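The structure under discussion appears below in the form of structure tokens.
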Amino acid sequence: MQCRYAVTLDEIVARAEALYADTELRTLARWKEGGGRVVGVAPAYVPSEIVDAAGALPAHLVGGGPGLDVVQGDAFFQSAICHLPRSLVDLGVRGALDALDLLVVPSTCDVLRNLTGVWRLLWPDRPVFFLDLPQRTDAEGVAFYREQLARLLAEVARVTGATVSTDDLRRAIGVANQRRMLLGELGELRIAEPAHVPASELHLVVRAGALLPPREHVEMLESYLHVCRTTPRPRLDVARVLLRGAFCEQPPIGFLRTLERAGCAVVDDDLLLGLRWFGRPVDMVDEPLDALAVAYVCQSPPASCRYDRAGDRPAALVDAARASRAQGVLLAAPSFCDMALLDRPALLQALESAGIPSVQLQYAENSADFGAVREQAGTFADALRLWQDLA
Amino acid sequence: MRAFLGVDLGSTTTKAVLLDEKGGILGRGLTNTRANFETACAVARAEALADARFGLLAEPARSGARRAYHRAERGRRLEHLRARTLLLADDDARLQVAASRLFEALAKLASAEDGAVSFRDAVAEAAATAAEAVATAAGVPYERLMSALERALVADEADPTALDPDAVLDEIGVPAGERVPVDVAAQSGTGYGRHRLPFAPGEIRSEILCHGLGASHAFPGTRTVLDIGGQDTKAIQLDERGLVTSFQMNDRCAAGCGRYLGYVAEELGVGLPDLAPLALSAHCPSRINSTCTVFAGAEIRERLALGERREDVVAGLHRAIVLRALGLLARAGGVHSPLTFSGGVARNEAVVRSLRDELSRHYRDVAVNVSTDSIFNGAVGAALFALRETAAC
Amino acid sequence: MTPVQKDEGMVRQKAMLQAHAERAARARDEGRKVVYTFVPGNLVELLLSFDVEPVYPEITALQSGMRRASDRYIREAERAGHAEDVCSYVKCDVGMALAGDVGPGKTVPAPDLLLLSGTGCATFYKWFESLAGIWRAPVALLQVPYQADGAVTDEMRRYVVAQIRDDVIPALERLTGRRFDIDRLREHLRLSARAEDAYSAVVESARRRPSPIDAYFGMVFYVGPIFTALRGTLEAVEYYERLRAEVETRARAGLGPVTPDGPMGEQRFRLVVEGPPCWTAFRDLWKLFSDAGAVVVASTYSKVGGLYDTGFRHDPDRPLESLADYCLGCYTNLSLPQRLALVERYVRDYEADGFVVHSVKSCKAFGVGQPLLLREVERRAGVPGCFLESDLVDSRYFSHANVRNRLESFLQAIDMRRKA
Amino acid sequence: MLTVGIDVGSAAVKVAVLRHAVAPETAALEVERYRRRPAASVVTHALDAALARAGARTEDVAYIATTGEGDLAPRRHGHFYGMTSHARGALLLEPRARGVLDCGALHARAIRIDARGRVLGYRMTSQCASGSGQFVENIARYLGVALEDVGRLSLGSDSAEPVSSICAVLAETDVINMVARGVPAPAILRGIHRSIAGRLSKLLRLAGVESPIVVTGGMAADEGLIGALRDQVATGKLGLEIVAPERAVFAGALGAALWGAHRAARVQGDSRKEMLHVHG
Ligand SMILES: Nc1ncnc2c1ncn2[C@@H]1O[C@H](COP(=O)(O)OP(=O)(O)O)[C@@H](O)[C@H]1O
Ligand SMILES: Nc1ncnc2c1ncn2[C@@H]1O[C@H](COP(=O)(O)OP(=O)(O)O)[C@@H](O)[C@H]1O
Ligand code: SF4
Ligand code: SF4
Ligand code: SF4
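Chains as they are written, first to last, in the numbering used here: chain A, 32 to 422; chain B, 1173 to 1565; chain C, 380 to 799; chain D, 124 to 403.
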């Protein structure tokens, strides 16, 4: 497979780190100056294929990261909530989001729901679309969501001035499926050989997709997969862990590097879940919006921001841990994130009865002091590795 | 001369101010609130009265009297402190030797002109450098000498006796005819401990209003007030008439307030006023965002151990204080020019500089007003209330 | 602490809710079913038509708060793995179940059905996931779409009506073994409308000077029946019609509300309040307001269970549609611009001197964006604002000195503006 | 075989030298507070002093293990994390231990362990300093009481002055006002111990720690705190047994030395790993 894109590992990682460091989102301004259209997408899941089909750049707003000194953003929110809305509004106040022709906010939680109101009060002239994702898993849920996808498509067409055909939608779904397939393969390689796909490096390359056109990100992932398969890396004496709870506000890269330095190799995670969301490709045969609607209602992962009527989210976590041969589970969630944190008792109970050790961490996207994380992750890795010898 | 008294009983320091009928400051008094509230109020009030009496004299008597009063007061308190420390150390001869040698080193304090820092902080700072050597020379554990001094300081702070200004004026020979009596026509109290002041309920005013009034008096046209005190921070918005429209307070967690700077100074073994020059000499401040006051010492030790330069760490700590204050200002509705920066921490030049830098980055051209009387801002506001009340009725 | 003083309306309301609670506790022994549901999106008329006993986990949690039992239950939930940062209502309710204080022989019965009406709060879904895990009871799901664009569309109403018809009603039929009787539902809706008329008159009485009621602390007692299990009953109609008369006589006599510490004196400040109260320090908080002569003339929390003062009434001629409109119209389901317009109207219509946001740490549904709401009201309605912070039922986050300090400064600032 | 454990704390460094014959016995224990000197030099000084007291040279030591801020040690073979070391050290000091309460200068950690010292679960204080040793140190210094006397004075007091605020700094202001009101120092200390013990017992319950519980870290030497903790958890249905062993402050260093021995024994087979010189 000939890679047309940057071939060496260092070039890929350097490109990804440059995009990670672009806290003021200059990439979006440059894309706009080049005549392109931009639609901002808030976490966790939005069918960004619709934006890609209209030829616009789906910019995944995953928050400010450690480089952003948020001051104005704190003015609109009380202190006891996660950091993501503060950095998004701070970016807005600084003009870093002027490039957006539209902002799409999914019904992930009450914080993002109210963010649409804050956005409207601060910037009445900038369109924002609230996507009320269905909590039902039946025909009525599909129908309600299908009507919203049609309205979203119309709104995206309006702000971009593009006419979107069924073929455009299918092509976009095809590219998204490719990305899902590549991320799946990288996931399997990491399970087989954790040293070949370090989680912090993989996170950087996946996060680059937040600001890249999907096609370009797919090429980057192809090259990265190829390089990971062919670059020998020393095997480390590490504990294999599964990370769960970081589907929305992302931990800073320093958090993930601290886990690795403390001896934890992350073999499976839900970081940037929204960029892939479905485990299997979205159907390409029937009408695209129908396909997206059915896929969401029937194939969505057991994420914390979706109502789990059947109550099988805990069992799914145990299965995922076993499938990735993880020795332990790291429940890491943003501080004050009701969605992720309220699942903890049920998840802990399931892990305990399955005999899988677990540890609970909290983070904020701008935290820079990882002393406590190092101690907890280090003790967890010690507990797994030292007792491996004695078992 | 009719004067109006304002007392701001802060959590860290108690400030007293006497204003004349036109609102000009006649006299100032500053002491640590560590003494109990009634004593703190009495000592600050006495100091302000003496300062006002001397202020009304013509030069050279005015500065001569102030210097003499200050030296006499310091000498008196040092002597009492020395006696108390020796009394507390009477069970151990070597500790007695160490204590008396320590007070020889502290003697220079009597003539020092550091009016900005209270007596307790001046003694603590001088002892921090001298005590180690004196203790080891006398073969006594450093901690035991310091604890004897601390216990003596606690007793000293509870002693309300103040020097009689007339005794000082007699001593430097100012004829009775030239002395102008000062009588307090009305008084008003505010601050953290205002409900425990020996004042009538009608004479008690909220901190927010006093700081608002004091700021717009010192700098007419002030629209935003930032007050960083010993353990709380206030952000106040004023309208064009100087009336309070909204405010935000951060009084649940003392992180990033004056006491934090106190811990930093203690950890580095320097005095509070020395922090600013150290921070200003840095060229790349470290990135610090946990400003828990109690952890300040540990944070510094960790950063220094990692090889960061002292001035960069201290500069980083100052910037962390400003970022925390900016967050509060943003929650209070942002910053509207001109901003008046008040409270004890406003005396720290490095915090003022860092505040100006950060404001220019986040808000366009904001004028920042800081006065040497910034720590008295609350007390001035309270005195203005007393002045307006008497003028009104 | 002197014994709590109450006016007649509060005393009668307590007796009504007490009787209902006892009936619910006896339900299992008497062969009746218990259904858990939420105050926002409360389909009580439908439940009455099936003769089931509604129980509200939010009410259970706030009552534990007022009885100072919530801290123990919260620690019990935290022992099971709940984080300190999450909503204290959920921890209090779940903790109570874990502590074994819910179910047979206890004052709060276990549920036979969980009617999850997801109205205006995503945490509700998490709450019911926990309860489903504890009780293994069947769930009826009603997802109420959010009025992000500030309006109810046909698409939204159709979705809610379809779920009532195809999920909630069949679940109630399976639960009770009875057929859905639309005429009984219409009868209850008719009674609801009458109670809502009388209730709205009581709400409007706060326009008077002095206000005969406190629209926040006092209103918490008056909304008991209409927010919970009694709306749609004749008992509720009689309650509110008598309450209207009592309030009318008090207004004519120029009397203010009765606070736990006695009738209120001079009303020096008329305030509008946004946000839920702090239940663990409810009496202290009210005393801080009333001692300073501050009466609340309008509040948004008293609209959580339904917005009647904008003219909405349950309509027997459009049973399912009007139930859907009721859910879609609850306060926390409104967009922030709608909430701002409502508060602005309250400040104007009730001639308020100031606006207080009581921001509770737990609640993201209310809380996110409140500081912006405060400043917009200050700017548009031209009254000073005050931002108080505490929590619903976790007493660790209520600091009396802190709240008093801020409230005192705020009220003195209003005084200063009046004199200028 | 000789192994060394270096516990680089935030207030003091603790060093333990163990001689492993039939059972591990302690050859030397050294503790030194930094008190404003650069930590790295104090660590080196303490290590040399411990080796001298054990009559050994660096080359004789099979494994030097660090814990805490291990990077500051001049040389080491490996590192073990805080809770792993304190758990193993606690088991050495009290073989029946099922729980460990590590109370250091800046943190408090309630750790659940199994019979062999494996960490099963834990709960830590958040970054807030209100229950830490540093807090007690500040209060003691302000009251003019030496740290060693804090425990005795507190136990001796028949009354305890309640401390209201959660924040350590605001609590200090409370203490200042107590002194101003003439409340005796022992009553203040007992009040502080009671408030810290309250927080520690909540931590123990949250972590589901079982009895007996070994208190490790410097605070174990504070019999006032231990007394207050026993009042809270030893009585009633909870009935947890609190053990405060003599050498509790060395638990981290002892644990690291023991784990060092375990690693050294495992490494004995292949060639000995060369000494990791941490820094210059
Ligand atoms: N000369 C100085 N340089 C730097 N900081 C100072 C100076 N003087 C006082 N401070 C700081 O000001 C704080 C006290 O300010 P103040 O406004 O009196 O507090 P409060 O009003 O809460 O008592 C002290 O904690 C100290 O850190
Ligand atoms: N004799 C003592 N009495 C009371 N407290 C003590 C005593 N010795 C040490 N401490 C407390 O123990 C703390 C230091 O414990 P340590 O385990 O060394 O912490 P770390 O490992 O984090 O440096 C100090 O903050 C002090 O409060
Ligand atoms: S991090 Fe959690 S609370 Fe914050 S926006 Fe995302 S889902 Fe909502
Ligand atoms: S977040 Fe607010 S509305 Fe939702 S359950 Fe908690 S208190 Fe109730
Ligand atoms: S973080 Fe530090 S300053 Fe803030 S409340 Fe806690 S102890 Fe106090």
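Each residue gets a CB set at the ideal place from its N, CA and C atoms; glycine is no exception. These numbers come from a predicted model, not from an experiment.
{"query": "A/L88 beta carbon near ligand 2 (any heavy atom closer than 6 Å)", "result": "no"}
{"query": "Nearest-angstrom beta carbon gap, C/P763 and C/A792 [assumed within contact, 8 Å]", "result": "5 Å"}
{"query": "Which listed residue (A/L59, A/A341, A/L382 and A/V136) has its alpha carbon closest to that of A/L243", "result": "A/L59"}
{"query": "C-beta atoms of C/G654 and C/F734 nearer than 7 Å", "result": "no"}
{"query": "C/R558 (DSSP reduced to helix, strand or coil)", "result": "coil"}
{"query": "Where D/E153 falls: helix, strand or coil (DSSP)", "result": "strand"}
{"query": "Per-residue burial, A/L252 [other beta carbons within 10 Å of its own, 16 or more giving buried]", "result": "buried"}
{"query": "C-beta neighbour in chain B for A/Q407, strict 7 Å", "result": "no"}
{"query": "Per-residue DSSP class, three states only, for B/T1396", "result": "strand"}
{"query": "Cα-Cα separation between B/E1439 and A/A385, rounded to whole angstroms", "result": "49 Å"}
{"query": "Three-way DSSP call (helix, strand, coil) for A/Q281 in this model", "result": "coil"}
{"query": "Classification of B/D1192 by the beta-carbon crowding that lies within 10 angstroms, buried from 16 upward", "result": "buried"}
{"query": "Beta bridge counterpart(s) of B/Q1359 as assigned by DSSP", "result": "B/L1177"}
{"query": "beta-carbon C/Y468 near ligand 7 non-hydrogen atom, thresh 6 Å", "result": "As far as ligands go, the structure on display features ligand 1, ligand 2, ligand 3, ligand 4 and ligand 5 and does not contain ligand 7."}
{"query": "A/V236 beta carbon less than 7 Å from that of A/A45", "result": "no"}
{"query": "Contact list for the region 198-223 of chain D against chain A, Cβ threshold 7 Å", "result": "F203, Y204, G205, M206 and T207"}
{"query": "Environment of B/K1187 [buried if 16+ CB atoms lie within 10 Å]", "result": "buried"}
{"query": "Per-residue contacts from B/L1476 into chain D (C-beta, under 9 Å)", "result": "P161 and A162"}
{"query": "From A/L184, A/T191, A/R189 and A/G215, residue whose alpha carbon lies closest to that of A/L200", "result": "A/L184"}
{"query": "Residues, ordered as in the chain, of the region 97-110 of chain A that lie near chain B by beta-carbon distance below 9 Å", "result": "P97, D100, V101, V102, Q103, G104, D105, A106, F107, F108, Q109 and S110"}
{"query": "DSSP state of D/Y245 mapped onto helix, strand, coil", "result": "strand"}
{"query": "Proximity winner among B/V1215, B/L1221, B/D1180 and B/G1182, relative to B/L1190 (alpha-carbon distances)", "result": "B/L1221"}
{"query": "Any chain D beta carbon closer than 7 Å to B/Q1268", "result": "no"}
{"query": "Under 9 Å (Cβ pairs) to chain B, residues found in the region 446-473 of chain C", "result": "none"}
{"query": "Closer than 7 Å to chain B by CB, A/M32", "result": "Residue placement at A/M32 is poorly supported in this model, since its pLDDT is 44, which falls under 50; the coordinates still yield a value, given next. Taking Cβ atoms only, chain B never reaches closer than 7 Å to A/M32, which makes this a no."}
{"query": "Exposure of A/P282, with buried meaning 16 or more beta-carbon neighbours within 10 Å", "result": "buried"}
{"query": "B/C1456, buried or exposed, once every other Cβ within 10 Å from all chains shown has been counted against 16", "result": "exposed"}
{"query": "C-alpha distance - B/A1284 paired with B/A1555, whole-angstrom precision", "result": "30 Å"}
{"query": "Within chain B, the residues that D/Y245 reaches when beta carbons sit closer than 7 Å", "result": "Residues of chain B passing the Cβ test: none, with the nearest at roughly 20 Å."}
{"query": "Residues bridged to B/K1406 (per DSSP)", "result": "B/D1399 and B/M1421"}
{"query": "Cα-Cα separation between A/Y327 and D/Y245, rounded to whole angstroms", "result": "38 Å"}
{"query": "DSSP three-state assignment for B/T1308, whether helix, strand or coil", "result": "helix"}
{"query": "Three-state class that DSSP yields for D/L312 in the structure shown", "result": "helix"}
{"query": "Presumed contact (8 Å Cβ cut-off) between A/C140 and A/D369, rounded CB distance", "result": "7 Å"}
{"query": "Inter-residue Cα distance where the pair is B/I1493 and B/G1361", "result": "28 Å"}
{"query": "Cross-chain neighbours of C/V518 in chain A, by beta carbon under 7 Å", "result": "R340"}
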